[in-house]
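Numbering of the first sequence is given in the numbering used here, commencing with residue -7 and proceeding in unit increments. Ideal Cβ positions, reconstructed from N, Cα and C, are used throughout, including at glycine. Below is one structure; the comments refer to it alone.
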Amino acid sequence: MDGYDVKAAQERWRKVWDELDLFRADDRDDERGRRYALTMFSYPSGDLHMGHGEVMALHDLLARYWVQRGFNVLNPIAWDSFGLPAENAAIRRNEHPARFTFDNIETQAESLRRYAVSFDWSRRFHTSDPDYYRWTQWLFLRFFERGMAYRRESFVNWCPVDQTVLANEQVVGGRCERCGSVVTKRELTQWYFKITAYAQRLLDDMAQLEGRWPEPLLTIQRNWIGRSEGAYVDFAVEGTDESIRVFTTRPDTLFGATFLVVAPEGGLGDRLCTPEQRSALQAYLEQVKRATEIERLSTERPKTGVPLGASAVNPATGERIPIWAADYVLADYGTGAIMAVPGEDQRDWEFAAAYHLPIVRTVQPPEGFDNAAYAGAGTSINSANDEVDLNGLGVEAATARIIDWLEARGHGERTVNYRLRDWLLSRQRYWGCPIPIVHCPECGEVAVPDDQLPVLLPDLRGADLAPRGNSPLAAATGWARTPCPRCGGDAERDTDTMDTFVDSSWYFLRYCSPRYEDGPFDVEAVRRWMPVDQYIGGIEHATGHLLYSRFFTKVLYDIGMVDFVEPFTRMLNQGQVINRGARMSKSKGNGVDLGEQLERYGVDAVRLTMVFAGPPEDDVDWADMSPAGSLRFLQRAWRLANDVACPPGVDPVGGDIGLRRTTHHTVRDATELIEAYRFNVFVARVMELVNATRKAIDSGCGPADPAVREAAETVSVLLSLVAPYTAEEMWAALGHDPSVATAGWPSAEPALLVEQSVTCVVQVQGKVRARLEVPPGIDEVRLRELALAEPAVRRALADRGVRNVIVRAPRLVNVVV
RNA sequence: GCCAGAGUGGUGGAACGGUAGACACGCGGCACUUAGGAUGCCGUGCCUGCGGGCGUGGGGGUUCGAGUCCCCCCUCUGGCACCA
């Protein structure tokens, strides 16, 4: 009898579980508490990989724990099924993207069932289903009505390979996040969500996530939103009625502003430019556009720019200062214009040095400045005029004073700026949710009426989908041409589709009522289940999906559709599964196939390995793991159940007290450890219980003792969270009906948690010299006597006198000499 | 450069300010075996004169007592990066 047949068990229990239908969430109200466990839904680009193996093992542990605790648990799954991989595959194979998508969904669904994740399969859906994207469109229109979705022309990130625009969040290090090609800029009219309107609320509401979301995740979001406090300052343009508004975080350096710089592409440069400089600006603009994002991002690159010929007036000094255009100033941050203070700012200093512009010192030279050049170029100035004097003030006080003055004189105002940009949602691709807008020559942008939703995708496939720089939908002229819903005249549909992050910004709401037909979700069902109690997924979604979902939730709150402002109460970012110190990749040849691991060790051993590897948020290096060891442990646990010689139903009271104590301590610890997400330590405790039970059977109370049965049953229930097949095998071997998954969480008997004796450590000068077994209730005086009487303590003391004795009964005595 | 987080045996990792290294992997030994990559048992931080000494990246500090708290430094990982 070596162990059980893992594969046969997987076959057997899957059928039993399907029949029992164990994990269906109950929409009816009852006395049970409710829990909503969410894992990031899957993108169907192939079969499940090792990353899925980890996240699903962790997610399911908690979901199954809640089931065992008796909660009514919602644990749904769906597919994020629009997107580029399906479209690219369709082009390659000359077929419809739906084909690739649905094949992969079926493959993944089958794998997830085999992996024994406790999903409520009745709620399954996918985002490319018209029954789903109809409501994505409906939600878009609600945003549109409120001015939260709008169209504008601007320079956008363009991926030359995928032939589509990218959101800022999808540009990583100047490259397309998906295909890795170097991103360029294009001027296009595109749809945006006005997420910037929610910047402050996205920051403020983090207060309720503090301590519940991982700190690194909150930090990333905070930095991404990038709040900075400062002021707008208006500079009059000489010889015109115009003025240029700049944003600065250091208005206290205004006296040192010796020139202005505007972004070349914002239109501002064009307006200010004198006729003589126009051709120079044009040439510069061309040069800037050619530069790739990577070149532009390089801080090593020397500063470039052109003078616009115009001048402005520094409101503090009254001095005439030149206006330049340079690409180190960004069009879409602040006002697209800055006041340059080369005596204070490294970048301005570099620019001034390159073009021999005046430099004056206000407070102190920025760090790392070329002092010789600085001293020669600059003159120290007096930061004061007839009305305001900043001399001798610290940054804070000077800032406050100058802003007060600017506001009083109408030269500017206090303000806050955010790094966050609006969310560009248009994509020039086919396999996405169509934007439900009609462009009418008479009426402009007209919403498709709600009762005409969904705007269905036309049936395109193969070559028709090939990227041409505009949307494939534009080629479907029969589809695009449509009467204007308002005036009935000839009009055109919007031919872009939405970023798939739109689809995923509300899917967790759809789960609450997945077949609802009168809206995106049943408000009552959402009230019942939301917000999500536990969300698990990768931290790579920090500035994308997680931020967008928070934004969507807030807009829905403002519309009055939900009564909470944060969708995910608790968040866990699991680490990645790597191999031999690096992310798995084809080029490195270090890929590990989940299916192969499952084939070799079985589902339970792989799940156990993932959970036991370490803290859930740490990366798992598969090369350091031992799924074979996990399998050995599971077989060991299983043998326990088979060795039990005490019949079911026998009262454990009267069983071996030592083993019973271990069992009940394990139960108490297990509960605390799971609540604290210390899953790896939880597994270690279960291992200890298995070891103790083995010992009891072989060289202790023997297999017929009721305590052995109690221990084995406890192991079975605890293991059901991680190794559902093994747990079920054990449960059956112990003479119970399935399923152990709903057997109920054990509770620790307080009487069995009381220690009989504890080990007291006796230290001399903080070093351990002896250990004593003492009763837990021992009094301090007695313990002190025992400790001082220990031979090892006396030896360590030698003839030195005792100065002090710290007694922390019953665990510790420290003798100080 | 700025902002986070982390440095513990050969390895993954444990440790309410109170026994450093739980639990595993690996390794060594023993038992059972025709055999074992099965199973069970024992051992396993380093040094040692077997009394003990040294050990949580380095250096200081607080404390009766520091892996844990504070300060400085080093290294690594992640995020942002010409954001004014």
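Practice problem: Give a yes or no on whether the C-beta atoms belonging to F15 and W71 are separated by under 8 Å. | Solution: Not in contact: F15 and W71 (Cβ atoms no closer than 8 Å).
Quiz prompt | Pairwise C-alpha distance: L804 and A684 | solution = 27 Å
Practice problem: Round the Cβ separation of L564 and Y499 to the nearest angstrom and send it over; I've been treating them as touching at under 8 Å. | Solution: Incorrect: roughly 18 Å between the Cβ atoms, too far for contact.
Exercise. Measure the CB-CB distance between D525 and A29 and report whether it falls below 8 Å.
Key: yes
Exercise. Kindly identify the DSSP beta-bridge partner or partners of V678.
Key: Bridge pairing for V678: absent [DSSP].
Quiz item: Are the beta-carbon atoms belonging to Y320 and K295 less than 8 Å from one another?
Solution: Contact: yes.
Practice problem: Please name the residue, chosen from L744, L180, M198 and A108, that lies closest to R143 on a Cα-to-Cα basis. | Solution: L180
Quiz item: For the putative contact between R660 and A743, defined by C-beta atoms under 8 Å, what is the C-beta separation to the nearest angstrom?
Solution: About 12 Å; that fails the 8 Å criterion.
Quiz item: Is the segment 431 to 447 in contact with the segment 505 to 518, if contact means three or more CB pairs nearer than 8 Å?
Solution: no
Quiz item: Looking at the unbroken alpha helix (DSSP H) that takes in A715, where does it start and where does it end?
Solution: Taken as a continuous stretch (DSSP letters only), A715 belongs to no alpha helix (DSSP H), as it is neither H nor E.
Self-check item: Cutoff 7 Å; reference C425; Cβ partners in own chain excluding five residues on either side
Solution: F74, Y125, T128, Q129, T489, M490, V494 and D495
Practice problem: Look at F92 and A101 and say whether their C-beta atoms are less than 8 Å apart. | Solution: no
Self-check item: Distance between beta carbons of V678 and L711, contact taken as under 8 Å
Solution: 6 Å
Exercise. Answer with buried or exposed for C171, where buried requires no fewer than 16 other C-beta atoms within 10 angstroms of its C-beta.
Key: exposed
Quiz item: What first and last residue would you give for the alpha helix (DSSP H) that runs through N215?
Solution: E207 to I217
Practice problem: Compute the Euclidean distance between the alpha carbons of L322 and V238, then round it to the nearest angstrom. | Solution: 12 Å
Quiz prompt | Cα-Cα separation between I313 and Y276, rounded to whole angstroms | solution = Approximately 21 Å between the Cα atoms of the pair.
Self-check item: Residue ranges of each alpha helix (DSSP H) within the segment 593 to 676, 4 or longer
Solution: List check, alpha helix (DSSP H) in window: 595 to 604, 619 to 635 and 649 to 667.
Quiz item: Between the beta-carbon of M576 and the beta-carbon of T601, is there less than 8 Å?
Solution: Between M576 and T601, the CB-CB gap reaches or exceeds 8 Å.
Quiz item: Just how far apart, CA to CA, sit W58 and N67?
Solution: 10 Å
Quiz item: If we count Cβ pairs, one from each stretch, closer than 8 Å, do we get three or more for the segment 414 to 430 versus the segment 257 to 274?
Solution: no
Practice problem: Drop a sphere of 10 angstroms on the beta-carbon of P783, count the other beta-carbons inside from all chains shown, and report buried for 16 or more, exposed for fewer. | Solution: exposed
Quiz item: Just the Cα atoms here: how many angstroms apart are G360 and E342?
Solution: Model confidence at G360 stands at a pLDDT of 46, short of 50, so the residue's coordinates are unreliable and nothing is read from them.
Exercise. Could you work out which residue in R795, L780 and N149 is closest to R282 when comparing CA atoms only?
Key: N149
Quiz item: Which first and last residues belong to the beta strand (DSSP E) in which M563 is found?
Solution: Judged by DSSP secondary structure, M563 falls within the beta strand (DSSP E) whose first and last residues are M563 to N565.
Self-check item: Cα-Cα separation between A781 and V645, rounded to whole angstroms
Solution: C-alpha separation (whole angstroms): 39 Å.
Practice problem: Determine the direct distance from the alpha carbon of G461 to that of T487, and round the result to whole angstroms. | Solution: 12 Å
Self-check item: R56 versus V714: straight-line alpha-carbon distance, rounded
Solution: 9 Å
Practice problem: Take every Cβ of the segment 532 to 540, pair it with every Cβ of the segment 110 to 123, and state whether three or more of those distances are shorter than 8 Å. | Solution: Contact fails between the segment 532 to 540 and the segment 110 to 123, because fewer than three Cβ pairs, one in each stretch, are under 8 Å apart.
Quiz item: On the three-state DSSP scale, how would you describe K186?
Solution: coil
Quiz item: Ordered along the chain, which non-local residues of its own chain (more than five positions away) have a Cβ less than 6 Å from that of A0?
Solution: none
Quiz item: Residue range of the beta strand (DSSP E) that K(-1) falls in?
Solution: Run containing K(-1): none in the beta strand (DSSP E); it sits in the alpha helix (DSSP H), V(-2) to L12.
Practice problem: State the DSSP-derived secondary structure class of G258, mapped to helix, strand or coil. | Solution: Coil, per DSSP.
Self-check item: Three-state secondary structure assigned by DSSP to W737
Solution: coil
Exercise. Just tell me which of R178, T99, A517 and L252 has its CA closest to the CA of D19.
Key: A517
Quiz item: If you drop the 5 nearest sequence neighbours on each side, which residues of the same chain put their C-beta closer than 7 Å to that of L416?
Solution: Around L416, the same chain offers V148, V157, A159, Q182 and Y184 as residues with beta carbons nearer than 7 Å, after the five sequence neighbours per side are excluded.
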